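S.K.:
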Amino acid sequence: MRDNYDIDKLNPRPNPYAKRLKKTITINIETSIIEYFKRQAERTGVPYQTLINLYLNDCVQNNRELNITWK
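Converting from the sequence shown to my numbering requires adding 178 to each position, the first position being numbered 1.
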């Protein structure tokens, strides 16, 4: 293995997945919601954060509208 590489000669290609990269955020979610997705994760074998992301992505893809009624 070489100690030094000439980066300019490597011919880098654009990342085809760059548009699908995830961004780390901080969000406050009720404990009951987290517990729900953790139970689903145990049942399905899919990590709970992935399940939350899949659910939110489904909302976006299907253009779901929020229906909120305040008490």
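Backbone N, C-alpha and C define an ideal beta-carbon position, used for all residues, glycine too.
Note that the structure is a prediction, hence the values are computed from the model and not measured.
#1: Please list the terminal residues of the continuous alpha helix (DSSP H) segment that includes Asn189.
#2: Is Trp248 near the ligand SAM, with its Cβ less than 7 angstroms from a heavy atom?
#3: Among Trp248, Asn245, Leu232, Arg221, which residue has its Cα nearest to the Cα of Arg198?
#4: Which of helix, strand or coil does DSSP assign to Glu213?
#5: Taking 8 angstroms as the cut-off, decide whether the C-beta atoms of Ala219 and Leu234 are in contact.
M.R.: Straight from the coordinates:
#1: Reading the sequence shown from its first residue, position 11 is the one you call residue 189. DSSP places Asn189 outside any alpha helix (DSSP H), giving it a letter other than H or E.
#2: In the structure on display, the ligand SAM does not appear, and there are no ligands present to speak of.
#3: On the sequence shown, position 20 is the one that residue 198 refers to. Out of Trp248, Asn245, Leu232, Arg221, Leu232 has the C-alpha closest to the C-alpha of Arg198.
#4: By 1-based counting over the sequence shown, the position of residue 213 is 35. Residue state, collapsed to three classes: helix.
#5: Here residue 219 refers to the residue found at position 41 when the sequence shown is read from its first residue. Here residue 234 refers to the residue found at position 56 when the sequence shown is read from its first residue. In this structure, Ala219 sits away from Leu234, with a CB-CB distance that is not shorter than 8 angstroms.
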